[in-house]
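*Asks:* Chains as they are written, first to last, in my numbering: chain C, 869 to 1184; chain Y, 869 to 1184. We treat Cβ as the ideally placed atom computed from N, Cα and C, and that holds for glycine.
Protein chains: 2
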Amino acid sequence: MSLGEFEIIARYFDRPPADPDVLLGIGDDAAVLAIGGSAVVAVDTLVAGVHFHDAIAADALGHRALAVNLSDLAAMGATPRWCTLALTVPKADDEWLEAFARGLFALAERHGVSLVGGDLTRGPLTVTVQVIGTAGARSLTRAGGHPGDDVYVTGSLGDAAGGIALVAERHPAASAAANALRERFCRPTPRVAEGVALAPYASAAIDVSDGLLADLGHICERSGCGAVVDVERVPLSAELLTLFPPQQALAYALAGGDDYELCFTAPPAQAERIEAALEACGTPARRIGQLVAGEGVVCRRDGEPFTPPSRGYTHF
Amino acid sequence: MSLGEFEIIARYFDRPPADPDVLLGIGDDAAVLAIGGSAVVAVDTLVAGVHFHDAIAADALGHRALAVNLSDLAAMGATPRWCTLALTVPKADDEWLEAFARGLFALAERHGVSLVGGDLTRGPLTVTVQVIGTAGARSLTRAGGHPGDDVYVTGSLGDAAGGIALVAERHPAASAAANALRERFCRPTPRVAEGVALAPYASAAIDVSDGLLADLGHICERSGCGAVVDVERVPLSAELLTLFPPQQALAYALAGGDDYELCFTAPPAQAERIEAALEACGTPARRIGQLVAGEGVVCRRDGEPFTPPSRGYTHF
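The following block contains the structure:
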């Protein structure tokens, strides 16, 4: 027997937030939030069959739908506080909803984020999460880069693309490396603390969702400059290099997307502060190139021109 | 040839807001908004084939997607300021996108609302709009009603349900009355000024989206009381009564939904202030019953018990 909208919300999603700044949460026409200063708002939609494979588990989808939005706020140096959920599901499947809510709330709690409202509708599976956060003293935009700034990325790139390939091919690899890559796609780690820590020193930032070259390209467009990437410096994980040949691993890292690492820029004079800020988060960062005068992103390999195999995700 | 995501956003949706409180709008990872005090947040999704008929024009859909959210803020007595749009479309259809954006922005401009961000994805047609506004001195919730309070509705009810019937049956009526009903469904008028004007005097409010009896039922549940509706007092438009027999018109008004009028409650001592507040908005309001001790909504007709033909929209 299928549940009604209100029963589903009550059973799975209406968890009274501990946050005293949620003046009114789920259950009325709108939520009321005490925000001192500036609010930072991001929204992202995941559509079944477009942004995720049917094989993705419901709890991973709940995690992922929130993670991609937390990642947007991380790229602003903002602190996420609240979220809303617009969930469209073909039917009221108890087990699925329970797992989805579990994945969403586990990540939300880790970041002190309260679900304050939403809309539950029937239709093709689509998940839209909106996150609202508070801005730090300085918001990290895509537009603040200058020629001469160093270009950095956190963590490692290409793992999620490798994970997608394993899921899509229903790769039987049950090794620790294969599991790690699949998890990187299914349960990405938004770099929230890192974004906040970088905000005072970085000049521009974006999260890597479409692929490094595409996303760095967005920084270049908005900052009115170009970039050079030294591809041999792009960080690749041991797991990725275990399961894929080096050329394939590099292609995933340059164009793969879905890693939700931060790509950011900073003047060379800030290098030590950047390093210290990220060390305090326990997250490695690697300098992979520089912003330059001009436009567009070009790659070098050991100082020689290098043509990447692909440029990143195209949405249409 | 189909446009890419970024071209579509630039062409149709990236209109720099005049609002100086939009510190950062479309084009970065998130929007940054200067909010003094409390933010009021609502989100609603419209799914093709579930919430709207294929026959609805794209500009009406753009209007409607925003209107239903403005209506939620109206029911809180809040002032809408900003919105985000998560739009999922099966393909990049120039003509459709232009009309959709036109409908959305026309209504947004009428209410001083800026589109500050969003996500454009490919998939089954689904529109999720989120509105963020600022709270007044007092937020109107569903929970503030007390036995003895009067129950009011603004405008007239049942028109949208009549309009849906005309659209679904492809009713050939080209009369002014038929057009008026269709417009009430396709381009509902959110009662934003009315909500703000009522907020100091009303005890509880909701917007009529699921149907009067269902929505008044939500006020009763949250307020811990019941309600009696005198059905002969429920306001029906001349247009509705021209096109439908009186029993059908009443059924639409009690259970039809989609009118986006406000249903609100207030102590009898506030009756004159309520009337003056709505008169200043140019909007009629009618007292249709009372909150009572107990639970549930019951109907009377000329003082006698009356069983309504249906209770309202069920979401699953």
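#1: With 16 as the cutoff for other CB atoms within 10 Å, does residue 939/C come out buried or exposed?
#2: At least one CB of chain C closer than 9 angstroms to the CB of residue 964/Y: is that the case?
#3: Span of the beta strand (DSSP E) holding residue 1002/Y?
#4: Report the residue from 1082/C, 1052/C and 969/C whose alpha carbon sits nearest the alpha carbon of residue 1108/C.
#5: Give a yes or no on whether 9 angstroms exceeds the smallest Cβ distance from residue 1187/Y to chain C.
#6: Measuring only the C-alpha atoms, how far is residue 886/Y from residue 951/Y?
#7: Could you tell me whether the Cβ of residue 1183/Y comes closer than 9 angstroms to any Cβ of chain C?
#8: Classify residue 1136/C as buried or exposed, calling it buried when 16 or more other Cβ atoms lie within 10 Å of its own Cβ.
#9: Which bits of chain C does residue 991/Y rub up against, with CB to CB less than 9 angstroms?
#10: Between 1142/Y, 1030/Y and 1077/Y, which has its C-alpha nearest residue 1110/Y's C-alpha?
#11: Would residue 930/Y be called buried (16 or more neighbouring beta carbons within 10 Å of its own) or exposed?
#12: May I ask you to list, following chain order, the residues of the stretch 947-981 of chain C that have a beta carbon less than 7 angstroms from some beta carbon of chain Y?
#13: Could you tell me whether the stretch 1021-1037 of chain Y touches the stretch 998-1005 of chain Y, using the rule of 3 or more Cβ pairs below 8 angstroms?
#14: Under DSSP, the alpha helix (DSSP H) around residue 1172/C begins and ends at which residues?
#15: Starting from residue 939/Y, trace the alpha helix (DSSP H) in both directions and tell me its first and last residue.
#16: Please work out which residues of its chain come closer than 8 angstroms, Cβ to Cβ, to residue 1101/C, disregarding the five sequence neighbours upstream and downstream, and give them in chain order.
#17: Spell out whether any CB of chain C is found under 9 angstroms from the CB atom of residue 905/Y.
#18: Could you tell me whether any Cβ in chain Y is nearer than 9 angstroms to the Cβ of residue 922/C?
#19: With a CB to CB cut of under 7 angstroms and the five nearest residues on each side skipped, what residues in its chain are close to residue 1013/Y?
#20: With DSSP as the reference, please indicate the residues paired to residue 950/C in a beta bridge.
#21: What residues match up with residue 1164/C in a beta bridge as DSSP calls it?
#22: Going by CA-CA distance only, name the one from 921/Y, 1055/Y, 916/Y and 1068/Y that's closest to residue 974/Y.
#23: Mind listing the chain Y neighbours of residue 1071/C? Cutoff is C-beta to C-beta under 8 angstroms, in chain order.
#24: Measure the beta-carbon distance from residue 1028/C to residue 945/C and round it to whole angstroms, keeping in mind my assumption that it falls under 8 angstroms.
#25: Please check the pair residue 1080/Y and residue 1149/Y, which I expect to be a contact at CB under 8 angstroms, by giving their CB distance rounded to whole angstroms.
#26: Within 10 angstroms of the Cβ of residue 922/C, are there 16 or more other Cβ atoms? Answer buried if so, exposed if not.
#27: So residue 1175/C and residue 994/Y are supposed to be a Cβ contact under 8 angstroms. How far apart are they, rounded?
#28: Determine which residues of the stretch 998-1022 of chain C have a Cβ less than 9 angstroms from any Cβ of chain Y, and write them out in chain order.
#29: With a Cβ-Cβ cutoff of 9 angstroms, do residue 898/Y and residue 941/C count as a contact?
#30: In chain order, what are the residue ranges of uninterrupted beta strand (DSSP E) at least 3 long that sit wholly in the stretch 1058-1123 of chain Y?
#31: Could you tell me how far apart the beta carbons of residue 1002/C and residue 1151/C are, in whole angstroms, since I believe they sit closer than 8 angstroms?
*Replies:* According to the data block:
#1: Indexing the first sequence from 1 puts residue 939/C at position 71. Buried, by the Cβ-count rule.
#2: Taking the second sequence and counting its residues from 1, one reaches residue 964/Y at position 96. With its beta carbon at least 9 angstroms from every one in chain C, residue 964/Y lies outside the interface.
#3: Numbered from 1 along the second sequence, position 134 holds the residue referred to as residue 1002/Y. Its beta strand (DSSP E) spans residues 994-1002.
#4: Sequence index remark: in the first sequence, residue 1108/C carries index 240 (1-based). Of the candidates 1082/C, 1052/C and 969/C, 1052/C places its Cα closest to the Cα of residue 1108/C.
#5: Outside the displayed span of chain Y (869 to 1184) sits residue 1187/Y, for which this structure offers no information.
#6: Position 18 of the second sequence, counted from the first residue, corresponds to residue 886/Y. Position 83 of the second sequence, counted from the first residue, corresponds to residue 951/Y. Each residue's CA atom was taken as its position, placing residue 886/Y and residue 951/Y some 14 angstroms apart.
#7: As a working note, residue 1183/Y is residue 315 in the second sequence. Interpretation of residue 1183/Y is limited by its pLDDT of 47, a score under 50 that renders its predicted location unreliable; the figure taken from the coordinates is listed afterwards. At least one chain C Cβ lies under 9 angstroms of residue 1183/Y.
#8: For the purposes of this step, residue 1136/C is taken as the residue at position 268 of the first sequence. With fewer than 16 other Cβ atoms within 10 Å, it is exposed.
#9: Locating residue 991/Y in the second sequence gives position 123, where the first residue counts as 1. The answer, in chain order, is 913, 915, 916, 917, 918, 919, 992 and 994.
#10: Working through the second sequence from its first residue, we reach residue 1110/Y at position 242. Looking at the Cα atoms, 1030/Y is the closest of the given residues.
#11: Translated into the one-based positions of the second sequence, residue 930/Y becomes position 62. By the C-beta density criterion, residue 930/Y is buried, having at least 16 other C-beta atoms within 10 angstroms.
#12: Under the 7 angstroms Cβ criterion, the stretch 947-981 of chain C contributes 952, 954, 956 and 960.
#13: No: the two stretches stay apart, fewer than three of their Cβ pairs being nearer than 8 angstroms.
#14: Stepping through the first sequence from its first residue, residue 1172/C is reached at position 304. No alpha helix (DSSP H) holds residue 1172/C; the beta strand (DSSP E) holding it covers 1172-1174.
#15: Numbered from 1 along the second sequence, position 71 holds the residue referred to as residue 939/Y. Residues 926-942.
#16: One-based indexing of the first sequence puts residue 1101/C at position 233. Excluding sequence neighbours, residue 1101/C sits near 1154, 1155, 1156 and 1157.
#17: Sequence index remark: in the second sequence, residue 905/Y carries index 37 (1-based). For residue 905/Y, the answer is yes, since a Cβ of chain C falls inside 9 angstroms of its Cβ.
#18: Start at 1 with the first residue of the first sequence, and residue 922/C comes out as number 54. For residue 922/C, the answer is no, since every Cβ of chain Y falls outside 9 angstroms of its Cβ.
#19: The residue given as residue 1013/Y occupies position 145 in the second sequence. Closer than 7 angstroms at the Cβ level, and outside the excluded window around residue 1013/Y, lie 1071, 1072, 1087, 1091, 1093, 1133 and 1159.
#20: Within the first sequence, residue 950/C is the residue found at index 82, counting from 1. The partner list for residue 950/C (beta bridge, DSSP) reads 982/C and 1000/C.
#21: Taking the first sequence and counting its residues from 1, the one referred to as residue 1164/C is at position 296. Looking at the DSSP assignment, residue 1164/C forms a beta bridge with 1094/C.
#22: On the second sequence, position 106 is the one that residue 974/Y refers to. Per the C-alpha coordinates, the member of 921/Y, 1055/Y, 916/Y and 1068/Y positioned closest to residue 974/Y is 1055/Y.
#23: The count along the first sequence starts at 1 and reaches residue 1071/C at position 203. Those do not exist, as residue 1071/C stays about 14 angstroms from chain Y at its closest Cβ, beyond 8 angstroms.
#24: Numbered from its first residue, the first sequence carries residue 1028/C at position 160. Numbered from its first residue, the first sequence carries residue 945/C at position 77. With a Cβ gap of about 23 angstroms, residue 1028/C and residue 945/C do not count as contacting.
#25: Residue 1080/Y sits at position 212 when you count from the first residue of the second sequence. Residue 1149/Y sits at position 281 when you count from the first residue of the second sequence. About 20 angstroms; that fails the 8 angstroms criterion.
#26: Along the first sequence, one-based indexing puts residue 922/C at 54. Exposed, because fewer than 16 other Cβ atoms sit within 10 Å of the Cβ of residue 922/C.
#27: Along the first sequence, one-based indexing puts residue 1175/C at 307. Along the second sequence, one-based indexing puts residue 994/Y at 126. About 38 angstroms separates the Cβ atoms of residue 1175/C and residue 994/Y, ruling out a contact at the 8 angstroms cut-off.
#28: So the list reads 998, 999, 1000, 1001, 1003, 1007, 1008, 1009, 1010 and 1011, given in the order they occur along the chain.
#29: Working through the second sequence from its first residue, we reach residue 898/Y at position 30. Working through the first sequence from its first residue, we reach residue 941/C at position 73. The Cβ atoms of residue 898/Y and residue 941/C sit closer than 9 angstroms to each other.
#30: Here the runs fully enclosed are 1072-1075 and 1094-1098.
#31: Indexing the first sequence from 1 puts residue 1002/C at position 134. Indexing the first sequence from 1 puts residue 1151/C at position 283. The beta-carbon distance between residue 1002/C and residue 1151/C, rounded to whole angstroms, is 22 angstroms. This is too long to meet the 8 angstroms contact definition.
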